[in-house]
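Notes for the one structure printed next.
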Amino acid sequence: MNFFFDRNGSQWLVSKYTETVHVEFSSLCNLKCVFCYASQPEYKGQFLRKEILEPLIRSLTSRKPKIVSVNGHGETTIYPNWHQYCDHMINDNLHLHIITNFAKKFNDEELHTLAHFESIEISCDTADPDLFRHLRRGAELPTILENIKRLRASIAAIGVTGPKISFSCVVSDQTIFGLKDLVSMGASLGVNGFNFCNFVQYPPITDGINLNHISQLPRGEMVRARESIEIATALLKESQIRFQIQQGLLDSLEQKLAAEPEPPKRISSDCSISTLPEKTEAESKTPFHHRRFAASVHKKETRNCLDPWSFLLVDAHGDVLPCCWHHPIGSLADGKTQFHQVRNSRQVKELRRSLLTGDLHADCQSCPSRGLTTIRNLKKRVSRYLHPYSARLTTIFKPKIAPALTEMPIEFISGWYDRETDPNFPDPAWSEWRWTSKMARFRFTPTETAVSLIVTGLADPSILSDQQITIRINGRELERFFPAKGKFIREYFLDKETIDDCDSLLGEIEVDRTFVPSEHNNYSEDHRHLGVRIYRLSIGV
């Protein structure tokens, strides 16, 4: 008997506790690292608006996650008064972590704040100052080392324990053979840990060196690469320094060596040695056309990932992501949606369901970070996470987990073009859409006292920058926003007050500007006035 999960599996989809929350203060950066998306010509970053950040901090101080990581894609320490926001959270007994390039010279106030962090992960890929300068353009290795020494001095002067300091290394063909030197340098600095990250390949840049994944090296060099990892990890164990390796890095290397007569050995990210069965490389095409390196998922397998239960990331646009690799599943940008509403939204429940059944979304299929496991083993991990003190009393069974959303019919009234499809797109959720005109209207009849409206769409910033989208129900504006990253997912909770005494509700999706494809492409004969693509429009309970 299972004491905690009902037989339809619905309680597997609800998480009452978020262990880790990432807050992306800034998607802007003071560096132009050659392997980062920020070096791509179309990249645009921004600061998280105070109107989103300040209520979010208040929510976090009341909910008390285990760790608040104040970083995302950009550099937090360039955000105006970043340390004052962090001081507020520290004073409210939140445990802070940060991933930072440590490339600016910190003032005394900033060092005082950093001294009270739980942990600091510094981006450092090599002990070679010249290579470092070419990889992380705009940074100098001596500056980072000096900042570490000044932080140690500040910790001693204040008389606090101080944060654990680790290095984050992006492993590529340029850094793989210098791992031993990097580990030795870190050990001499008293670094507490290492995180070896999988390289993600973006289109080549014209103003800097271009890197390759270690699985793209010649065969003899791949063998040397594996030896380099073994030597570095052996040194870490000898020095009793903790480390982790993103599993996609190891999987993609070993799958290229799987043709050897003897099954190759790999170093697991949990510091053990195991044998890797033959896998094929999974690739993912996104609007940014980057390439991920990961093992493909076979039948009865899933990703060994608890992130949708334990983790949330709020990016600089106010979008909420379930991990660092998945598209947004909600947004706080409207100023009305609360953090706790997104945590167990229908979008998150659907993602949890997909992991528990092995019916993975495209972002999970191509994940370069999490390794593979059986569905049964993931259910055990979920059970232990949801009920850590009582999991030994539970029996793991195979629940029939239904989709989280029971949808209501929608009538498309006006302003919609015919349905279009792309059967070759790898993610079915983004393979079918309808274009709107300037104003698209729809109608539905609510059957409950509270329903949820989900709108998934795509704008094209390369054609219309800062295109504004407005969504209304019965003339009431739910949100007005700019989909700066192209793709957007919005979920709105329509309460009893909104839908009471309404036989039907009229919805509107309006854009401030449209475009004509033939005016932007000489080969196009499409003369329609287009607004945005809508991939999913659903009403459910």
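For the sequence shown, the numbering used here gives the first residue as 1466, with consecutive numbering after it. Each residue gets a CB set at the ideal place from its N, CA and C atoms; glycine is no exception. Fair warning: this is a prediction, and the values are worked out from it, not measured in the lab.
Rounded C-alpha distance that separates P1728 from E1719: Unreliable positioning characterises P1728 in this predicted model, as indicated by a pLDDT of 46, which lies under 50. The coordinate reading is nonetheless provided below. So the two alpha carbons sit approximately 10 Å from each other.
L1820: beta carbon under 6 Å from a heavy atom of the ligand COA? Here there are no bound small molecules, and the ligand COA is not part of this structure.
Leaving out the 5 sequence neighbours to the left and right, which residues in its chain are closer than 8 Å to V1981 when beta-carbon positions are compared? D1991, H1992, R1993, H1994 and L1995
Opposing strand residues paired with L1777 [DSSP bridges]: V1486
Using three-state DSSP, classify V1981 as helix, strand or coil. coil
With 16 other CB atoms within 10 Å as the buried threshold, where does Y2000 fall? buried
Can you tell me whether I1706 is buried or exposed? The criterion is at least 16 other CB atoms within 10 Å of its CB, across all chains shown. buried
Contact between the segment 1793-1806 and the segment 1824-1844 (3+ Cβ pairs under 8 Å): no
Buried or exposed: N1987, going by 16 or more other Cβ atoms within 10 Å of its Cβ? exposed
Among T1626, F1661 and L1676, the one whose alpha carbon lies nearest that of Q1639: L1676
Could you compute how far the alpha carbon of A1446 sits from the alpha carbon of D1593? Residue 1446 falls outside the range modelled here, since the chain spans only 1466 to 2006, and no answer is possible.
Rounded straight-line distance, which links the Cα of Q1933 to that of G1800: 16 Å
CB contact flag (L1778, L1786, <7 Å): yes
Once you ignore the five residues that flank C1494 on each side, which residues in its own chain have a CB closer than 6 Å to its CB? A1503, G1539 and E1540
Rounding to the nearest angstrom, what Cα-Cα distance links H1548 and S1796 in this structure? 25 Å
Own chain, CB closer than 6 Å to I1609, minus 5 neighbours either side, in chain order: F1567
Which residues does DSSP list as the beta-bridge partners of L1837? R1768
In whole angstroms, give me the CA-to-CA distance for H1763 and T1886. 27 Å
S1693 versus E1489 - alpha carbon distance: 33 Å
Please state whether the Cβ-Cβ distance between L1576 and L1616 is less than 7 Å. yes
Roughly how many whole angstroms lie between the Cα atoms of I1641 and V1635? 9 Å
For D1557, does the three-state DSSP call read helix, strand or coil? coil
For Q1709, the residue or residues it bridges with in DSSP: N1660
Look at the Cβ atom of I1623, then the Cβ atom of A1580, and state whether they are nearer than 7 Å. yes
From which residue to which residue does the beta strand (DSSP E) around T1886 run? E1876 to T1886
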